[in-house]
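In what follows, a structure is listed as structure tokens, so that the remarks can point back to it.
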Amino acid sequence: MEYSKRRERRKKKRFNPLIIVFVIILLIIGTVFFILNKVKNDYEDSLTAVDADSTESISVEIPEGATATTISKILEDHGLIKSAKNFKKHIVETEKATLLKAGVYNLSKSMTADEILTSLTEKKIEVKEGIKFVIPEGFEIKNITARLEENGFKDLENFESLVKNKKHFEEDFPFLKEVPDGNSLEGYLFPATYNFIMEESAEDIIKQMLTAFYRVYNNNIEGKLPEGMNLNSLITLASIIEREGRTDTDRPLISSVFYNRIKIGMPLQSCATVQYILGERKPVLSNKDISIESPYNTYINKGLPPGPIANPGKKAIDAALHPENTEYLFFVLTGEDGSHTFTKTLEEHNKAKENMIIP
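Numbering (my numbering), first residue to last: 675 to 1033.
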């Protein structure tokens, strides 16, 4: 009996060493898988845009005979890619090392590695010295035209013609198909700092502006339109917000006022839309001004005008996409810093107007 118990205890104490080996193998496989997966994720992340929201155009010169290593280092030094090592690896993997071309390129931190690589392999740009060309938020096409003329742009007449012909650019920029026929490119020539070569064609310069807008569209707008909005109405609203708002805090609030007015069928009564009709930014509008017969006059027409009244920047577009949740129906400029006072009722608005500032 005692012997039998000892045998039973020995059986219980036996431990199969294969179990230990199996557990170790599982741990090794799991660790290897984790490391490989992390390396893969880190590599893929290094090929994404450095700053998806950037609107700055950065001029980069790729010299003749530059190797993939040299080009990767140049791009990293300009802050356009996250890793020179991984960008070079990507060049090798895509077998594009022999396709890289010398030239001066206008690139952006919002471009992915693939987009940059496409620019460097598919389009050769003649090496010429460009000029820094700034398009501020809220500029109209006529303002851009005037600034191009001031800088000695040679193809001005063609520029003025092409900005009225959005169909000409629809193949390269399909988002323009959402813009009503008859509308110009007003609203879609994105405000940013560019490096323009004044000998370039009007078409090339317009395409640079549309490309900058497309990056914002691709990263911030596509698939994210508010209910009841299309691209044209969104950019139209953003352009009004751009012209009315002066501070980052105010823009989403101004957006909420316009959304609230549209919801209840109340005219927007935006001075900026009347100024667009007049062709001048009068600080004070007369009763005659706000009575002008025009589809752009939001004093006499409900809803949004037919198209944008300026070229809005990203912050105004974001405000149109994401209005504050308020019950405000009125606002008036009251702060020296460009801030407004927002109110819910006409009585409150009239009281706030006692502190109104005329810009």
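For every residue, glycine included, the Cβ atom is placed at its ideal position computed from N, Cα and C.
Given the structure is predicted, the values throughout are model-derived calculations rather than measurements.
How about residue i and residue j: do their beta carbons lie closer than 9 Å?
i      : j       : result
Ser944 : Tyr1002 : no
Val734 : Leu749  : yes
Ile983 : Arg917  : yes
Asn839 : Ala726  : no
Lys828 : Thr867  : no
Ala990 : Gly902  : no
Gly953 : Asn857  : no
Asp788 : His764  : yes
Leu794 : Ile736  : yes
Ala742 : Val778  : no
Between residue i and the rest of its own chain, which residues show a CB-CB distance below 7 Å, the 5 nearest in sequence each way excluded?
i       : result
Ile1032 : Pro957, Val958
Lys756  : Ser720, Val724
Ala876  : Asp829, Asn832, Phe833, Leu836
Pro810  : Pro865
Thr744  : none
Asp878  : none
Of all the options the options, which has the alpha carbon lying nearest to the alpha carbon of residue i?
i       : options                         : result
Ile964  : Ala946, Gly981, Leu978          : Ala946
Asn971  : Gln949, Lys988, Ile909          : Gln949
Phe1034 : Leu908, Met872, Thr743, Ile951  : Since the first residue shown for the chain is 675 and the last is 1033, residue 1034 is missing from the structure and cannot be characterised.
Ser1013 : Leu978, Thr923, Glu967          : Thr923
Asp846  : Ile880, Asp1011, Ala820, Asn975 : Ile880
Leu822  : Arg955, Ile693, Met872, Gly1009 : Met872
Thr910  : Leu942, Val1006, Ile699         : Leu942
Leu921  : Thr1015, Gly704, Val695         : The question names Leu, but residue 921 in the sequence shown is Thr. Of the listed residues, the one whose Cα sits closest to Thr921 is Thr1015.
Gly861  : Glu998, Val706, Asn817          : Asn817
Val1006 : Glu844, Leu1020, Ala820, Ile951 : Leu1020
At the level of alpha carbons, what is the spacing between residue i and residue j?
i       : j       : result
Phe870  : Glu824  : 13 Å
Lys770  : Ile938  : 56 Å
Pro900  : Ser913  : 16 Å
Arg935  : His1023 : 15 Å
Met940  : Phe813  : 27 Å
Leu884  : Ile895  : 14 Å
Asn985  : Lys1027 : 29 Å
Val697  : Pro691  : 10 Å
Met1030 : Lys988  : 28 Å
Thr772  : Leu791  : 12 Å
Lys962  : Gly977  : 21 Å
Gly1009 : Asn715  : 48 Å
Ile693  : Leu700  : 11 Å
Val808  : Ser728  : 15 Å
Glu967  : Glu998  : 32 Å
Leu859  : His842  : 11 Å
Glu800  : Glu874  : Since pLDDT at Glu800 reaches only 48, below the 50 mark, its modelled position is unreliable, and the value read off the structure follows with that caveat. Cα to Cα, the separation comes out at about 10 Å.
His996  : Leu863  : 22 Å
Glu796  : Gly897  : 29 Å
Can you list, in chain order, the residues of its chain whose CB lies under 6 Å from that of residue i, leaving out five sequence neighbours each side?
i       : result
Ser746  : Ala758, Phe761, Lys762
Ala1035 : Nothing can be reported for residue 1035: it is not among the residues displayed for the chain, which extend from 675 to 1033.
Which same chain residues, not among the five before or five after residue i, have their C-beta less than 8 Å away from its C-beta?
i       : result
Ala1036 : Lying outside 675 to 1033, the shown extent of the chain, residue 1036 is not represented and no answer is given.
Ser731  : Asn780, Leu781, Ser782, Ala866, Thr867, Tyr868, Asn869, Gln882, Ala886
Leu905  : Phe849, Glu852, Val853, Tyr891, Ile895, Leu899
Met785  : Ala723, Leu754, Ser793, Arg889
Lys1018 : Glu1001, Tyr1002, Leu1003, Phe1004
Pro969  : Asn975, Pro979, Pro980
Compare the C-beta of residue i against all C-beta atoms of chain D and say whether one is closer than 9 Å.
i      : result
Tyr888 : No chain D is present in this structure, which holds just one protein chain.
Length-filtered (4 minimum) alpha helix (DSSP H) runs lying within the segment 916-996: 924-938, 945-952, 988-995
Minimum length 3: unbroken beta strand (DSSP E) runs contained in the segment 756-823: Runs found: 777-781, 805-808.
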